[in-house]
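**Q** First the structure, which I've put down as structure tokens, then a few questions once you've had a look.
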Amino acid sequence: MAIMMPAPDQAVLNRREAIVAALRAIVPGEGVIDSPAEMLPYESDGLMAYRQPPMVVVLPDTTEQVSQVLKYCFEQGIKVVPRGSGTSLSGGALPLADGVLLGLGKFKRIRDIDFDNRVVVTEPGVTNLAISQAVAHAGYYYAPDPSSQIACSIGGNVAENSGGVHCLKYGMTTNNVLGCEIVLITGEVIRIGGKSAETSGYDLMGIITGSEGLLGVITEITVRILQKPETARALMVGFAQVEAAGQCVAEIIGAGIIPGGMEMMDKPAIHAAEAFVHAGYPLDVEALLIIELDGPGVEVDELIKRVEAIALTCGSTTCQISTSEAERNLFWAGRKAAFPAVGRISPDYLCMDGTIPRGKLPEALARIRDLSVKYDLRVANVFHAGDGNLHPLILYDANKSGEMERAEAFGADILRACVELGGVLTGEHGVGIEKRDLMGEMFSEIDLDQQQRLKCAFDAQGLLNPGKVFPTLHRCAELGRMHVHGGKLAFPDIPRF
Numbered sequence: 063m064a065i066m067m068p069a070p071d072q073a074v075l076n077r078r079e080a081i082v083a084a085l086r087a088i089v090p091g092e093g094v095i096d097s098p099a100e101m102l103p104y105e106s107d108g109l110m111a112y113r114q115p116p117m118v119v120v121l122p123d124t125t126e127q128v129s130q131v132l133k134y135c136f137e138q139g140i141k142v143v144p145r146g147s148g149t150s151l152s153g154g155a156l157p158l159a160d161g162v163l164l165g166l167g168k169f170k171r172i173r174d175i176d177f178d179n180r181v182v183v184t185e186p187g188v189t190n191l192a193i194s195q196a197v198a199h200a201g202y203y204y205a206p207d208p209s210s211q212i213a214c215s216i217g218g219n220v221a222e223n224s225g226g227v228h229c230l231k232y233g234m235t236t237n238n239v240l241g242c243e244i245v246l247i248t249g250e251v252i253r254i255g256g257k258s259a260e261t262s263g264y265d266l267m268g269i270i271t272g273s274e275g276l277l278g279v280i281t282e283i284t285v286r287i288l289q290k291p292e293t294a295r296a297l298m299v300g301f302a303q304v305e306a307a308g309q310c311v312a313e314i315i316g317a318g319i320i321p322g323g324m325e326m327m328d329k330p331a332i333h334a335a336e337a338f339v340h341a342g343y344p345l346d347v348e349a350l351l352i353i354e355l356d357g358p359g360v361e362v363d364e365l366i367k368r369v370e371a372i373a374l375t376c377g378s379t380t381c382q383i384s385t386s387e388a389e390r391n392l393f394w395a396g397r398k399a400a401f402p403a404v405g406r407i408s409p410d411y412l413c414m415d416g417t418i419p420r421g422k423l424p425e426a427l428a429r430i431r432d433l434s435v436k437y438d439l440r441v442a443n444v445f446h447a448g449d450g451n452l453h454p455l456i457l458y459d460a461n462k463s464g465e466m467e468r469a470e471a472f473g474a475d476i477l478r479a480c481v482e483l484g485g486v487l488t489g490e491h492g493v494g495i496e497k498r499d500l501m502g503e504m505f506s507e508i509d510l511d512q513q514q515r516l517k518c519a520f521d522a523q524g525l526l527n528p529g530k531v532f533p534t535l536h537r538c539a540e541l542g543r544m545h546v547h548g549g550k551l552a553f554p555d556i557p558r559f
């Protein structure tokens, strides 16, 4: 299915050779890729249903080079698509035929580890897991842990406000990032936040985190690190009904218990993960909850008893409690491998990312089951159940006529249902192109105009990642002429800001 993107600028395409030469002058050596074959790995991100080769790929390795590339593109009116590790599942890094794809894969250095302030200063190309590994020797770790943490970059985590299995208790990326160095489309380098937990003025970190590459290019990030808890143990609880597992989630939170993580899988996902990882999952249940409790040993022991009792009242049929760190990690290994595991049982799948109030989980599951029948497509459900973030995996075969279109319609209806139930379109994967045309289901035109005014403050010409997030683009002049004056952010004619 075609995705409507901004029309290619023929004038830009006509001077492609000059653009490539200019970029090579800024980033010498192997920093510019322009042959069609070598650019193939960049034609899509994790949402591989949509592909578009870029005009050219540039791979800077210093902030100064990023600044010069963006300044050149700004002066020449060339579109730019920032890219991290390419694990995005919403098409956020889909290139443009007449745009420069700016990859940050060479920014792989950790610049500072400051245990006194409990922060790490890192470049955006460092993987999520590498940050925890760098501080593990001192008993620290970085809390947000997406399932793709072995591959996804911290810069991409900031761009999408990524979550993970332990975000229920310790927060999303936005709760764990303290500062950023950002290069604006004009080439100006700015810093927001820092090593302190609080800063004065506008919450610019809240604006940048989750901005999906529309406002600037991040070249440095300061993240909060935490001490590892004294004890962490996990329960693996099976249920004969999916709705019973959903009710158990609500009962645990309602009892005032906040687990370190609380994840849910339905039967298709359980079977796929067990065949892939051999984690010891029960195969005779319809739903499985993995509940981790952490803290002082005495507290964890008491909470395990309380959670086990709540699960029994909700109809649990099996319960296994980890007795070692290796066993706890094995429980999680199956869940974190659920996405690639499902890839073994279906040629293709779409991974959705809606979020609902926890109390609506049973109703959401029932809706997904009904939609599966309606569209005649299987679905495997994997949820960050504790914070209501749903990841239904819609299974299809793109080689069969009409199946991809049905899968997309199925996914759109799931997201509409999330909004109807009081939730939102995305919990952590971002809007990108996948959910762009559904933004009207959640936001009014006034809402979207206000969001685009903010975009105009950073990028008046609309050169950064155009075609993403907003279903309709407006010229900044139509939205109150909010734009950058002399490199400084200005907000004229918008009293509400």
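Start counting at 1 in the sequence shown, then tack on 62, and there's your number in this note's numbering.
In this text, a Cβ means the ideal position worked out from N, Cα and C, and glycines have one as well.
Since the structure is predicted, the reported quantities are computational estimates derived from the model, not experimental observations.
(1) According to DSSP, simplified to helix, strand and coil, what is Q289?
(2) Does DSSP put N179 in a helix, in a strand, or in coil?
(3) Are there 16 or more other CB atoms within 10 angstroms of the CB of A426, so buried, or fewer, so exposed?
(4) CA-CA distance, C381 and L525?
(5) Given this structure, state the Cα-to-Cα distance separating V181 from Y204, to the nearest angstrom.
(6) Go ahead and pull the three-state DSSP assignment for H199.
(7) DSSP three-state call for A539: helix, strand or coil?
(8) Can you name, in chain order, every residue of its own chain whose Cβ lies under 6 angstroms from the Cβ of G146, other than the five neighbours on each side?
(9) At what residues does the alpha helix (DSSP H) containing N391 begin and finish?
(10) Quick check on the DSSP output: the alpha helix (DSSP H) that includes L455 runs from which residue to which?
(11) Verify whether the separation of the beta carbon atoms of V404 and L351 is less than 9 angstroms.
(12) Is P5 buried or exposed, if buried means 16 or more other CB atoms sit within 10 Å of its CB?
(13) How should H199 be labelled, buried or exposed, when 16 other C-beta atoms within 10 angstroms of its C-beta is the threshold for buried?
(14) By how many angstroms is the C-alpha of C518 removed from the C-alpha of D555?
(15) When burial is assigned at 16 or more other CB atoms within 10 Å of the CB, is A69 buried or exposed?
(16) For I252 and D363, what's the separation of their Cα atoms in angstroms?
(17) What are the boundary residues of the beta strand (DSSP E) that includes E243?
(18) Any contact between the segment 298–310 and the segment 340–349? By contact I mean 3 or more CB pairs, one from each, below 8 angstroms.
(19) Based on the DSSP output, what are the partners of D356 in its beta bridges?
(20) Below 8 angstroms, can you find three or more Cβ-Cβ pairs linking the segment 77–93 to the segment 122–142?
(21) Helix, strand or coil: how does DSSP classify F169 here?
(22) Along the alpha helix (DSSP H) that carries E250, what are the first and last residues, could you check?
(23) Cβ of I279 within 9 angstroms of Cβ of P157?
(24) How long is the line joining the alpha carbons of S150 and Q195, rounded to whole angstroms?
(25) If you follow the alpha helix (DSSP H) that I314 is in, where does it begin and where does it stop?
(26) Go through its chain and collect everything with a Cβ distance to G201's Cβ below 7 angstroms, but skip five positions before and after it.
(27) Going residue by residue through the segment 63–131, where are the continuous beta strand (DSSP E) segments of at least 3 residues, counting only ones entirely within it?
(28) In angstroms with no decimal places, state the Cα-to-Cα distance between R515 and I269.
(29) State the Cα-Cα distance for the pair M63 and L374, rounded to the nearest angstrom.
(30) By alpha-carbon positions, which one of I244, L297 and S224 ends up nearest to G272?
(31) With distances taken from CA atoms, which of P103, L365, V239 and Q138 is nearest D71?
(32) In this structure, does DSSP put K141 in helix, strand or coil?
(33) Cβ of V444 within 9 angstroms of Cβ of M327?
**A** If we stick to the structure as given:
(1) Three-state DSSP puts Q289 in a strand.
(2) Three-state result, N179: coil.
(3) Of the residues assessed, A426 falls on the buried side of the cut-off, its CB having 16 or more other CB atoms within 10 angstroms.
(4) A direct Cα-to-Cα measurement between C381 and L525 gives close to 53 angstroms.
(5) The C-alpha of Y204 is placed about 9 angstroms away from the C-alpha of V181.
(6) DSSP places H199 within a helical segment (H, G or I) once states are collapsed to three.
(7) Here A539 sits in helix by DSSP.
(8) Cβ neighbours of G146 beyond the five flanking positions: L166, S215, G217 and G218.
(9) For N391, the enclosing alpha helix (DSSP H) covers residues E387 to K398.
(10) Counting along the chain, L455 falls outside any alpha helix (DSSP H), though it belongs to the beta strand (DSSP E) covering N451 to Y458.
(11) Between V404 and L351, the C-beta gap is not smaller than 9 angstroms, which leaves the two residues out of contact.
(12) Since the displayed the chain opens at 63 and closes at 559, residue 5 lies outside it and no answer follows.
(13) Exposed is the call here.
(14) Interpretation of D555 is limited by its pLDDT of 37, a score under 50 that renders its predicted location unreliable; no figure is taken from the coordinates.
(15) The residue in question, A69, is exposed, as its Cβ has fewer than 16 Cβ neighbours within 10 Å.
(16) Whole-angstrom Cα-Cα distance: 48 angstroms.
(17) Start and end: V239 to V245.
(18) For the pair of segments examined, the segment 298–310 was found to touch the segment 340–349: the number of CB pairs separated by less than 8 angstroms reaches three.
(19) Note: D356 is bridge-paired with A294 in the DSSP secondary-structure output.
(20) Taking a contact to require three or more Cβ pairs closer than 8 angstroms, the segment 77–93 and the segment 122–142 qualify as touching.
(21) Three-state DSSP puts F169 in coil, outside helix and strand.
(22) If you look at E250, you'll find it isn't in any alpha helix (DSSP H); DSSP assigns it neither H nor E.
(23) What sits at residue 279 in the sequence shown is Val, not Ile. By the CB criterion at 9 angstroms, V279 and P157 fall outside the cutoff.
(24) If you take the alpha carbons of S150 and Q195, they lie about 23 angstroms apart.
(25) First-last of the alpha helix (DSSP H) with I314: V304 to G316.
(26) These residues qualify, in order along the chain: Q289 and K290.
(27) If only uninterrupted beta strand (DSSP E) runs of at least 3 residues are considered, those enclosed by the segment 63–131 are 118–120.
(28) Rounded to the nearest angstrom, the two C-alpha atoms are 13 angstroms apart.
(29) Because the pLDDT of M63 is 49, which lies under 50, any placement of that residue in the model is unreliable, and the number read from its coordinates should be weighed accordingly. If I take the Cα positions, the gap works out to 46 angstroms.
(30) Ranking the options by Cα distance to G272, first place goes to S224.
(31) Nearest option by C-alpha distance: Q138.
(32) Secondary structure at K141: strand, using DSSP grouped into helix, strand and coil.
(33) Contact flag set, yes.
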